[in-house]
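Participant: Numbering (full-length UniProt numbering), first residue to last: 1 to 346.
My questions will all concern the structure given below.
See the structure below:
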């Protein structure tokens, strides 16, 4: 399988030339950037507390200061988590969108952790000659019932635009949290070369496309804004697609598997025609690893590897599912460390 080692500028990797001559075969540097975005997405899944028995169900298991260390992100020290983003909904949405604890003492009854803003460290930014801002949005947990919510106003869009005065975490909508923080970061790093990259899978992909579009439409015109999305359902109609193409600093790259059905939802019969530039699965011959990755990652939250690989299925779990023997001799869910307790940020 041929490797594309063309020297590409950072701007070209972000889509300034619509990734011309970088996709087939896939450019090695672009491949690494896509993998990095995928790792940020995976971190949002790995950190999410989906155990409804926990008082902290729906939050991040890990606080900002130790986030990348605890999700064991490769080269995690090159980045820091600046902000956690939280979401709520004005309407009832499937549990795959928002989880709520069984406990009456839950950390929050209206909101869920939905993503974060990560930034390259000072050392890395200085070495690269640019400051990179990443916004990974968390995808859905569990089944795909959410995809049947075809009306955006009753589905993923309400997650982006809703606020709830009852919650200290979502007095501002996820949209407002994001936009306010990005304005602050642009001001903080005004003397540096900036780029903004959204990324997400499934629900997170929808949010990435909409948030990137929203950011550019509302004033970010001189900074490259890209969305690297995975398994993204069709977002918006033809008018949305046409408008997106008018922004010279906005690009969207869609990574999908050929067999994945989610990118075909909702049906085009419903008038959804939004198209993304796609990086398809390479099928010409045997699979060949182009970037060193552990095969064990395949089974991190699935069961696809053959038994002879000796990797158990869905191995990313808390020890004893978070249960500990307390001082009273009772087995109970361990409370989070102080640094991992959710704290309102807006």
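Using N, Cα and C, we set each Cβ at its ideal position, and we do this for glycine too.
Is DSSP giving residue 160 helix, strand or coil here?
Facilitator: Correct three-state label for residue 160: helix.
Participant: To which residues of the same chain is residue 135 closer than 6 angstroms at the C-beta, ignoring the five residues directly before and after it?
Facilitator: If we look at residue 135 and ignore the five residues flanking it on each side, its Cβ neighbours are 117, 198.
Participant: Considering only residues of the same chain and omitting the five flanking positions on each side of residue 356, which have a CB-CB separation below 6 angstroms?
Facilitator: Given a span of 1 to 346 for the chain in the structure shown, any question on residue 356 remains unanswerable.
Participant: Assuming the contact rule is C-beta atoms closer than 8 angstroms, residue 297 and residue 54 should be a hit. Round their C-beta distance to whole Å, please.
Facilitator: The pair is not a contact, with the Cβ atoms about 25 angstroms apart (cut-off 8 angstroms).
Participant: Quick one: Cα of residue 237 to Cα of residue 339, how far?
Facilitator: Rounded to whole angstroms, residue 237 to residue 339 spans 43 angstroms at the Cα level.
Participant: If you follow the beta strand (DSSP E) that residue 346 is in, where does it begin and where does it stop?
Facilitator: No beta strand (DSSP E) contains residue 346, which DSSP labels as neither H nor E.
Participant: Quick check on residue 71: buried or exposed, where buried means 16 or more other Cβ atoms within 10 Å of its Cβ?
Facilitator: Residue 71 comes out buried.
Participant: Taking 7 angstroms as the cut-off, decide whether the C-beta atoms of residue 52 and residue 102 are in contact.
Facilitator: Result yes, Cβ atoms of residue 52 and residue 102 sit closer than 7 angstroms.
Participant: Leaving aside the five residues before and after residue 66 along the sequence, list all residues of the same chain whose C-beta is less than 7 angstroms from its C-beta, in chain order.
Facilitator: For residue 66, where only same-chain residues beyond five positions count, the Cβ hits under 7 angstroms are 339.
Participant: Per the DSSP calculation, residue 332 is bridged to which residue(s)?
Facilitator: In the DSSP output, where bridge partners are listed per residue, residue 332 has 324.
Participant: For residue 229, name the three-state secondary structure that DSSP assigns.
Facilitator: Here residue 229 sits in strand by DSSP.
Participant: When DSSP labels each residue in this structure, what does residue 253 get in the three-state scheme?
Facilitator: Looking at residue 253 - three-state DSSP - the assignment turns out to be strand.
Participant: I need the DSSP call for residue 35, collapsed to helix, strand or coil.
Facilitator: The answer is helix: DSSP assigns residue 35 an H, G or I state.
Participant: Leaving out the 5 sequence neighbours to the left and right, which residues in its chain are closer than 7 angstroms to residue 216 when beta-carbon positions are compared?
Facilitator: Only 225, 247, 249, 250 meet the Cβ criterion.
Participant: Beta-carbon within less than 7 angstroms of residue 78's beta-carbon, same chain only, minus the 5 sequence neighbours each way: which residues are those?
Facilitator: Closer than 7 angstroms at the Cβ level, and outside the excluded window around residue 78, lie 120, 121, 124.
Participant: Between residue 344 and residue 169, is the Cβ-Cβ spacing less than 7 angstroms?
Facilitator: In contact: residue 344 and residue 169 (Cβ atoms closer than 7 angstroms).
Participant: For residue 188, is the classification buried or exposed, using 16 other Cβ atoms within 10 angstroms of its Cβ as the cut-off for buried?
Facilitator: Exposed, since its Cβ has fewer than 16 Cβ neighbours within 10 Å.
Participant: Buried or exposed: where does residue 50 fall if 16 or more other Cβ atoms within 10 Å of its Cβ makes it buried?
Facilitator: Per the 10 Å Cβ criterion, exposed.
Participant: Output the distance between the C-alpha atoms of residue 271 and residue 323, rounded to the nearest integer angstrom.
Facilitator: Low confidence applies here, because residue 271 scores a pLDDT of 36, under 50, leaving its location unreliable; read the following figure in that light. Straight-line Cα distance between these residues: approximately 48 angstroms.
Participant: Keeping to the same chain, check which residues put their C-beta closer than 7 angstroms to that of residue 166; ignore five residues upstream and five downstream.
Facilitator: Taken in chain order, the residues that qualify are 110.
Participant: Do residue 335 and residue 107 have their C-beta atoms closer together than 7 angstroms?
Facilitator: In this structure, residue 107 does not lie closer than 7 angstroms to residue 335 by Cβ.
Participant: What does DSSP give as the partner residue(s) for residue 60 in the beta ladder?
Facilitator: In DSSP, residue 60 forms a bridge with 48.
Participant: For residue 118, name the three-state secondary structure that DSSP assigns.
Facilitator: Looking at residue 118 - three-state DSSP - the assignment turns out to be strand.
Participant: In terms of alpha-carbon separation, which member of 299, 310, 11, 319 lies closest to residue 128?
Facilitator: When only C-alpha atoms are compared, the closest one is 11.
Participant: Tell me which same chain residues have a C-beta within less than 6 angstroms of the C-beta of residue 62, skipping the five on either side of it?
Facilitator: Excluding positions up to five away in sequence, the list reads 47, 70, 340.
Participant: Could you tell me the distance, in whole angstroms, from the CA atom of residue 177 to the CA atom of residue 75?
Facilitator: Near 27 angstroms, if we compare the C-alpha coordinates of residue 75 and residue 177.
Participant: Starting from the C-beta of residue 22, find all residues in its chain whose C-beta is less than 8 angstroms away, skip the five residues before and the five after it, and write them out in chain order.
Facilitator: Only 4, 6, 8, 12, 13, 30 meet the Cβ criterion.
Participant: By DSSP, does residue 113 sit in helix, in strand, or in coil?
Facilitator: Reduced to three states, the DSSP call for residue 113 is strand.
Participant: Which same chain residues end up closer than 6 angstroms to residue 162 when comparing Cβ atoms and leaving out the 5 residues on each side of it in sequence?
Facilitator: Excluding positions up to five away in sequence, the list reads 88, 89, 90, 173.
Participant: If you run the structure through DSSP and keep just helix, strand and coil, what is residue 10?
Facilitator: Of the three classes helix, strand and coil, the one that applies to residue 10 here is helix, per DSSP.
Participant: Checking the sheet assignment: what are the DSSP bridge partners for residue 246?
Facilitator: Residue 246 pairs with nothing; no bridge assigned.
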